[in-house]
Amino acid sequence: MSAAPVLACLLREALPEAAVLDLGQPAWPVLPWWPGARCGLADAAALAPAEAALLRRFHQGPAGLPVLGLAGTADDDVPVVTDRPMLLVLDRLPPPALTPWLEAGAMILRRGRTEGMPPLPGPERGRIMLLGGSAARIERWDLLVPPEAVAPLFDRLHAAAHHLAASLGGSAGWQVGGRVASPSLASLGMLVMGPERVPPLAVPADALLHDLPEPASGAALPLGAARRVRLLLGGLPARPAWLRLRLRGADPARPPALFLDGGWLDQAQCRMEGETCVLEAPVRPRPDQTSIVGLALPEGAPPGLILLGLEVGP
Amino acid sequence: MTDARNGLTVWTPLPPERNGIADYAHVLLGSLAAHYDCRAACDDWLGRAPDGIPVVDAALAHRDAGPRVLHQIGNNPGHGFVLRAMRRVPGVVTLHDPGLLYLYETAGEDAASIRAGMLAALPGLPAVYGRHQRELGLQTRANHLLFDLAGETLARSRAVIVHSEYARQRLRLVHGPDATAHVAVIPHFLPPATLPDRPAARARLGIGQEEFLVVTAGFATAAKRFDWLIEALDMACRAGAQLRWIHAGAERAEEYALSAAIAERPALAGCAGVTGYLDEAALDDHVAAADVLVNLRFPSTGESSGSLARAFAAGTCCIVSDTAAYAELPRDAVLQIPLTETVPLLARALLALAKAPARAAEIGERGRRYACAEMALPTVAARYRTVIEESLGRPVIAPPTAGPPPLLVVEAGPQLQARTVAAALAGRQGACRLLLAMPDLGALAQLTLDRPALLAELLPLGARLRAARVEAAPRAGLLLDLELGWPA
Numbered sequence: 001m002s003a004a005p006v007l008a009c010l011l012r013e014a015l016p017e018a019a020v021l022d023l024g025q026p027a028w029p030v031l032p033w034w035p036g037a038r039c040g041l042a043d044a045a046a047l048a049p050a051e052a053a054l055l056r057r058f059h060q061g062p063a064g065l066p067v068l069g070l071a072g073t074a075d076d077d078v079p080v081v082t083d084r085p086m087l088l089v090l091d092r093l094p095p096p097a098l099t100p101w102l103e104a105g106a107m108i109l110r111r112g113r114t115e116g117m118p119p120l121p122g123p124e125r126g127r128i129m130l131l132g133g134s135a136a137r138i139e140r141w142d143l144l145v146p147p148e149a150v151a152p153l154f155d156r157l158h159a160a161a162h163h164l165a166a167s168l169g170g171s172a173g174w175q176v177g178g179r180v181a182s183p184s185l186a187s188l189g190m191l192v193m194g195p196e197r198v199p200p201l202a203v204p205a206d207a208l209l210h211d212l213p214e215p216a217s218g219a220a221l222p223l224g225a226a227r228r229v230r231l232l233l234g235g236l237p238a239r240p241a242w243l244r245l246r247l248r249g250a251d252p253a254r255p256p257a258l259f260l261d262g263g264w265l266d267q268a269q270c271r272m273e274g275e276t277c278v279l280e281a282p283v284r285p286r287p288d289q290t291s292i293v294g295l296a297l298p299e300g301a302p303p304g305l306i307l308l309g310l311e312v313g314p
Numbered sequence: 001m002t003d004a005r006n007g008l009t010v011w012t013p014l015p016p017e018r019n020g021i022a023d024y025a026h027v028l029l030g031s032l033a034a035h036y037d038c039r040a041a042c043d044d045w046l047g048r049a050p051d052g053i054p055v056v057d058a059a060l061a062h063r064d065a066g067p068r069v070l071h072q073i074g075n076n077p078g079h080g081f082v083l084r085a086m087r088r089v090p091g092v093v094t095l096h097d098p099g100l101l102y103l104y105e106t107a108g109e110d111a112a113s114i115r116a117g118m119l120a121a122l123p124g125l126p127a128v129y130g131r132h133q134r135e136l137g138l139q140t141r142a143n144h145l146l147f148d149l150a151g152e153t154l155a156r157s158r159a160v161i162v163h164s165e166y167a168r169q170r171l172r173l174v175h176g177p178d179a180t181a182h183v184a185v186i187p188h189f190l191p192p193a194t195l196p197d198r199p200a201a202r203a204r205l206g207i208g209q210e211e212f213l214v215v216t217a218g219f220a221t222a223a224k225r226f227d228w229l230i231e232a233l234d235m236a237c238r239a240g241a242q243l244r245w246i247h248a249g250a251e252r253a254e255e256y257a258l259s260a261a262i263a264e265r266p267a268l269a270g271c272a273g274v275t276g277y278l279d280e281a282a283l284d285d286h287v288a289a290a291d292v293l294v295n296l297r298f299p300s301t302g303e304s305s306g307s308l309a310r311a312f313a314a315g316t317c318c319i320v321s322d323t324a325a326y327a328e329l330p331r332d333a334v335l336q337i338p339l340t341e342t343v344p345l346l347a348r349a350l351l352a353l354a355k356a357p358a359r360a361a362e363i364g365e366r367g368r369r370y371a372c373a374e375m376a377l378p379t380v381a382a383r384y385r386t387v388i389e390e391s392l393g394r395p396v397i398a399p400p401t402a403g404p405p406p407l408l409v410v411e412a413g414p415q416l417q418a419r420t421v422a423a424a425l426a427g428r429q430g431a432c433r434l435l436l437a438m439p440d441l442g443a444l445a446q447l448t449l450d451r452p453a454l455l456a457e458l459l460p461l462g463a464r465l466r467a468a469r470v471e472a473a474p475r476a477g478l479l480l481d482l483e484l485g486w487p488a
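Protein sequences, first through last, are from chains H and L. Residues 1 to 314 (UniProt numbering) are what the first sequence spells out, left to right. Residues 1 to 488 (UniProt numbering) are what the second sequence spells out, left to right.
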């Protein structure tokens with residue numbers, strides 16, 4: 001199992017103000033669990049041309065931002081350094097375009113050990129080792145932060161871990177522990193005891209990357225005249241789950257068709273909860289790629305579908 | 001040859017799209033399933049494939065595509081997604097129409113890409129027509145005959161399948177033997193289903209068993225020369241032919257106002273009709289009910305005809321133009337009408353056959369026997385497999401990557417000539433950055449004042465300017481983001 005969903009939930013609670021850029025290629029592991037996070041490519045040239053063309057279709061938020069690294073001109077977009085704390089999720093060295101972020105002291109989250117990494121631009125950083133997964137299979141991530149932030153951030157992460165454990169089967173199902181070893185080094189573990197548990201995923205429609213012609217401006221994602229849409233989710237755990245979309249404006253007699261990674265989910269069911277149509281299907285995402293959900297109106301179905309949100313869970 | 005069940009991904013339009021190639025692909029997929037685990041990659045996610053063959057979103061189909069890939073490309077906007085897939089996932093291409101200019105024009109390809117494609121043409125043409133297109137926006141119908149835009153498909157494909165020797169030779173003439181060495185000819189196939197018998201089809205359509213029925217089929221395009229046919233039918237009727245004509249297909253009034261042209265001929269108006277678009281079953285009924293299927297073409301770029309294959313299967317006598325791929329059909333299997341004196345010759349043929357329908361039936365039977373020998377579906381599928389397997393090792397031009405484009409520097413100045421820029425860009429495809437370097441920004445400003453049309457003068461016909469910005473450092477100049485040749 002990947003520890004990314006659990007760690008993303010901890011970090012989100014501990015760093016609610018952070019601006020997040022997930023550069024974990026090819027399947028953004030933090031993106032789904034951090035609505036509003038931006039995704040990008042540390043090495044766009046490593047991507048197959050067809051996959052790059054696919055990802056180039058998507059944009060995000062009211063500004064319609066593309067996947068970072070795929071704009072492809074000399075004026076390629078680079079995120080602006082702001083006053084918000086910045087968190088970069090990496091699985092390789094950061095691209096040169098992000099040097100301003102690093103020089104401004106951005107935090108780094110990286111799967112695996114960081115001891116051997118070349119020095120990063122910017123101020124000195126302390127390290128919080130994050131251990132996730134299960135006792136039988138521990139997965140290590142490192143969080144690099146300013147040294148003065150190690151202890152207070154450890155405390156917030158520790159508290160967040162207890163909150164999350166309580167909401168995911170109770171504290172008996174989890175082993176939570178850790179300590180601050182020095183002013184610049186801490187470790188925190190949150191290991192599942194027994195069956196795997198993944199935090200349920202609920203993404204509001206306006207946080208989804210999509211390929212509609214117009215950016216979303218409100219809380220929902222109206223399809224307008226479009227009869228189909230693709231939604232980029234990021235990396236999901238490779239385990240059986242239910243994919244659930246909440247919609248308004250669907251005709252239950254001619255419900256939209258649901259797709260995952262290009263294939264039709266022919267077991268999808270449609271039910272009404274008041275005015276909301278819930279379209280759901282059993283899925284098993286693939287771990288090696290970013291998951292992409294598709295929604296298509298069949299012939300004769302009325303246009304004007306509105307997506308309210310997306311969930312992946314039991 | 002492959003013994004195991006290899007996968008094959010086929011990028012293609014599918015029914016219910018109203019597109020003859022969608023119907024072709026549907027049948028072909030069912031037949032290729034005897035050799036491969038097929039899946040269809042379609043822009044219409046709800047497109048219909050044969051039972052057991054999954055349809056996947058064409059934009060995501062690359063993820064599980066193995067080395068065996070087939071693209072079905074025709075000359076209309078419904079194939080834009082196939083063209084784009086071909087660039088990124090190379091494989092074998094079935095080129096249903098060797099002329100692709102209309103596809104490029106209507107599928108969102110930019111003008112510079114089209115001009116780049118026009119460069120492969122008979123000597124002397126591209127410079128003149130390309131300049132007219134860029135500077136005056138001039139685009140004539142002649143362009144569709146003069147420029148086939150097939151160069152990109154040839155270069156990016158492991159093999160190319162066409163349906164006639166004419167199409168192969170036409171490509172060879174324009175693009176040369178090296179660029180077309182991987183072009184194979186596989187004829188159009190006979191429809192797998194048995195066509196309805198003539199009496200039953202006529203009964204369903206309300207056509208008398210003794211009537212002499214002439215049928216035309218498909219979209220009523222200008223190239224199908226309904227102007228000639230109408231005049232010939234009119235002559236035949238005035239000469240005493242008792243016949244009925246049905247166009248089993250939709251009008252394309254922007255190309256040829258068929259109903260209006262029929263209405264202008266009183267002798268014809270009473271015995272002619274246009275059905276509008278038909279589903280497959282209704283089209284089969286019309287073709288099977290016919291004594292004669294007329295399938296004229298001028299000009300022809302070597303395209304194939306699905307309705308002709310249906311007529312062969314039904315044993316219906318076919319009258320075709322003696323040109324392009326139609327000229328390759330055996331002389332005793334069809335009636336070929338020359339392109340000179342077409343109208344009177346066609347009128348005489350129709351008059352003669354209307355008076356002796358048994359002669360039409362004889363020709364139709366010879367056509368059926370020919371098609372059964374050469375166009376049987378299992379034979380065609382086996383030939384596809386051979387081409388696909390033999391193409392696997394053939395290299396193609398690498399698709400451009402998504403990384404930063406290369407930076408080229410040209411020392412600019414008042415004397416900078418287009419040939420200098422052309423030399424710097426020669427042989428490049430895809431994105432690149434070109435810095436027109438100047439000693440300082442003042443000199444750059446002076447240059448642009450002195451030569452206000454600087455970029456139009458300097459950039460080659462096949463270069464698309466995506467962005468431009470002034471650079472102060474590390475070298476002063478004008479930095480151009482360019483897309484060269486075929487798009488990424």
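C-beta: ideal position from N, C-alpha, C; glycine also.
Rounded to the nearest angstrom, the gap between the Cα atoms of L/P16 and L/P77 is 16 angstroms. Here the C-alpha atom of L/R331 lies approximately 10 angstroms from the C-alpha atom of L/G367. It is roughly 32 angstroms from the alpha-carbon of L/A200 to the alpha-carbon of L/Y256. L/G151: member of the alpha helix (DSSP H) spanning 151-156, first to last residue. Distance from the CA atom of L/E135 to the CA atom of L/D110, rounded to whole angstroms, is 15 angstroms. For H/V150, the closest alpha carbon among the candidates H/A14, H/T290, H/L305, H/A44 is that of H/A14. Here the alpha carbons of L/P50 and H/E115 stand approximately 55 angstroms from one another. In the three-state DSSP reduction, H/V283 falls in the strand class (E or B). Those residues of the stretch 244-262 of chain H placed with their C-beta closer than 8 angstroms to a C-beta in chain L are A257, F259, D261, G262, ordered along the chain. By the criterion of a C-beta distance shorter than 7 angstroms, L/C42 is surrounded in its chain by T12, P13, L14, V55, A58, once the five residues flanking it on both sides are discounted. For L/V174, the nearest beta carbon of chain H is not closer than 7 angstroms to its own beta carbon. Classified as exposed, L/L145 has fewer than 16 neighbouring CB atoms from the shown chains inside 10 Å of its CB. The C-alpha of H/L212 is placed about 18 angstroms away from the C-alpha of H/G234. Separation of H/V20 and H/F58 (C-alpha to C-alpha, rounded to the nearest whole angstrom) is 18 angstroms. Contact annotation for H/G235 against chain L: no contact, minimum CB-CB distance about 14 angstroms [criterion: below 9 angstroms]. Out of L/I161, L/A290, L/L407, the CA that lies nearest to the CA of L/A150 is found in L/I161.
Looking at the DSSP output, H/A253 shares a beta bridge with no other residue. Across the set H/V293, H/T276, H/V312, H/P282, the C-alpha of H/T276 shows the shortest separation from the C-alpha of H/L305.
In the DSSP annotation of this structure, the continuous segment of the beta strand (DSSP E) that includes H/E311 starts and ends at 306-313.
Here the C-alpha atom of L/A272 lies approximately 12 angstroms from the C-alpha atom of L/L229. The three-state secondary structure of H/V20, taken from DSSP, is strand. At a cut-off of 7 angstroms between beta carbons, L/P406 makes no contact with chain H. When secondary structure is reduced to three states using DSSP, L/H71 falls in the strand class.
Counting the other CB atoms within 10 Å of its CB gives L/V128 a total below 16, which places it among the exposed residues. The shortest C-alpha to C-alpha distance from L/A282 to any of L/S304, L/P357, L/L205 is the one to L/L205. The continuous alpha helix (DSSP H) containing L/I114 extends over residues 111-118.
A Cβ-Cβ distance of about 6 angstroms is found for the pair L/L484 and L/G430, placing them in contact under the 8 angstroms criterion. Listed along chain H, the residues sitting closer than 7 angstroms to L/V56 by beta-carbon distance are G262, G263. Within 8 angstroms of the CB of L/V89, the CB atoms of chain H belong to A50, in sequence order along the chain. Sorting L/A418, L/C237, L/Q242 by C-alpha distance to the C-alpha of L/E211 places L/Q242 at the top. Contact check for H/L295 against H/V203 fails: the beta carbons are separated by 7 angstroms or more. Cβ neighbours of H/L209 within its own chain (closer than 6 angstroms, five residues either side excluded): F58, Q60, L232. When beta bridges are read from the DSSP output, H/L88 appears opposite H/L21, H/I108. In the structure shown, L/Y36 falls within a coil segment according to DSSP collapsed to helix, strand and coil. Looking at the DSSP output, L/N295 shares a beta bridge with L/V320. With the criterion set as a beta carbon lying under 7 angstroms from some beta carbon of chain H, the stretch 7-36 of chain L has no members that meet it.
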